[in-house]
Amino acid sequence: MAVAIRLSRGGAKKRPYYRIVVADSRSARDGKYLEQIGTYNPMLPKDSGERVKLNEDRARHWLSVGAQPSDRVHRFLDAAGILERAPRNNPKKAEPGEAAKERAEEKAAKIAEAEEAAKAAAEEANAPAEEAATEDAPAEEAAAEEATEDKGE
Numbered sequence: 001m002a003v004a005i006r007l008s009r010g011g012a013k014k015r016p017y018y019r020i021v022v023a024d025s026r027s028a029r030d031g032k033y034l035e036q037i038g039t040y041n042p043m044l045p046k047d048s049g050e051r052v053k054l055n056e057d058r059a060r061h062w063l064s065v066g067a068q069p070s071d072r073v074h075r076f077l078d079a080a081g082i083l084e085r086a087p088r089n090n091p092k093k094a095e096p097g098e099a100a101k102e103r104a105e106e107k108a109a110k111i112a113e114a115e116e117a118a119k120a121a122a123e124e125a126n127a128p129a130e131e132a133a134t135e136d137a138p139a140e141e142a143a144a145e146e147a148t149e150d151k152g153e
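Per the UniProt record's numbering, residue 1 is the first one in the sequence shown, and the count goes up by one each step.
1. Out of Gln36, Ala127, Lys101, Ala4, which one is the CA nearest neighbour of Leu54?
2. Measure the Cβ-Cβ separation of Ala80 and Glu56 and say whether it is below 8 Å.
3. When burial is assigned at 16 or more other CB atoms within 10 Å of the CB, is Ile111 buried or exposed?
4. In whole angstroms, give me the CA-to-CA distance for Arg29 and Leu7.
5. Do you know whose CA, among Arg15, Ala59, Lys46, lies nearest Ala23's CA?
6. Quick check on the DSSP output: the alpha helix (DSSP H) that includes Val65 runs from which residue to which?
7. On the DSSP bridge assignment, give the partners of Leu54 in chain order.
8. Anyone know if the C-beta pair for Gly31 and Val52 falls short of 8 Å?
9. With a cut-off of 8 Å on the beta carbons, I'd call Pro69 and Leu83 a contact; round off their distance for me.
10. Per DSSP, Ser8 forms a beta bridge with which residues?
11. Based on the DSSP secondary-structure assignment, which residues constitute the bridge partners of Asp24?
12. Pull up the distance between the alpha-carbon of Phe76 and that of Ile20, whole angstroms please.
13. With 16 as the cutoff for other CB atoms within 10 Å, does Ala120 come out buried or exposed?
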């Protein structure tokens with residue numbers, strides 16, 4: 001008989017409460033179990049001591065006879081120092097999906113276009129001022145030349 005240490009759900013709708021039970025792995029989730037070895041109340045704050053209650057002696061016994069804990073119960077046993085849990089590493093989990101990558105590229109392209117447009121607008125704003133200054137200078141020079149010509153005559 002394959003034995004599992006897992007959670008059995010109780011409580012009302014939207015108000016979960018779990019028993020940590022030792023059951024035959026073929027039995028239903030909330031069905032018949034061999035022994036209840038603890039409770040788990042996810043509605044309590046994470047730092048609360050009442051959140052997970054576990055009978056460590058019975059957990060050690062069932063592990064010694066070959067019971068396999070579920071992922072969540074394995075975390076509880078690791079936190080209690082009963083069973084070591086190897087940390088998992090999934091570097092692709094934090095990567096955005098294809099659609100999100102496309103949106104990010106489009107956004108970056110729009111920002112680059114906006115920066116280029118702002119640069120061009122700034123250059124245009126500066127260019128007429130310089131052109132006006134250069135246009136005024138030849139006009140002043142021409143006026144000065146005319147004045148010198150008038151004096152020479």
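Beta carbons: idealized from backbone N, C-alpha and C, even for Gly.
Looking at the atomic coordinates:
1. The residue you call residue 54 lines up with position 54 of the sequence shown. Nearest of Gln36, Ala127, Lys101, Ala4 to Leu54, Cα basis: Gln36.
2. On the sequence shown, position 80 is the one that residue 80 refers to. On the sequence shown, position 56 is the one that residue 56 refers to. Yes.
3. Stepping through the sequence shown from its first residue, residue 111 is reached at position 111. Ile111 is classed as exposed because its beta carbon has fewer than 16 other beta carbons within 10 Å across all chains shown.
4. Mapped onto the sequence shown, residue 29 falls at position 29. Mapped onto the sequence shown, residue 7 falls at position 7. In a straight line, the C-alpha of Arg29 is about 8 Å away from that of Leu7.
5. Within the sequence shown, the letter at position 23 stands for residue 23. Out of Arg15, Ala59, Lys46, Ala59 has the C-alpha closest to the C-alpha of Ala23.
6. Within the sequence shown, residue 65 is the residue found at index 65, counting from 1. No alpha helix (DSSP H) holds Val65; DSSP gives it neither H nor E.
7. Taking the first residue of the sequence shown as position 1, residue 54 is located at position 54. DSSP output for Leu54 lists Gly38 as bridge partner(s).
8. Taking the sequence shown and counting its residues from 1, one reaches residue 31 at position 31. Taking the sequence shown and counting its residues from 1, one reaches residue 52 at position 52. Contact flag unset, no.
9. Here the question's residue 69 lines up with position 69 in the sequence shown. Here the question's residue 83 lines up with position 83 in the sequence shown. With a Cβ gap of about 7 Å, Pro69 and Leu83 count as contacting.
10. Your numbering for residue 8 matches position 8 in the sequence shown. In the DSSP output, where bridge partners are listed per residue, Ser8 has Arg19.
11. Taking the first residue of the sequence shown as position 1, residue 24 is located at position 24. Answer is Val3, bridged to Asp24.
12. Within the sequence shown, residue 76 is the residue found at index 76, counting from 1. Within the sequence shown, residue 20 is the residue found at index 20, counting from 1. Using only the alpha carbons, I get a separation of about 10 Å.
13. By 1-based counting over the sequence shown, the position of residue 120 is 120. It is exposed - the Cβ of Ala120 has fewer than 16 other Cβ atoms within 10 Å.
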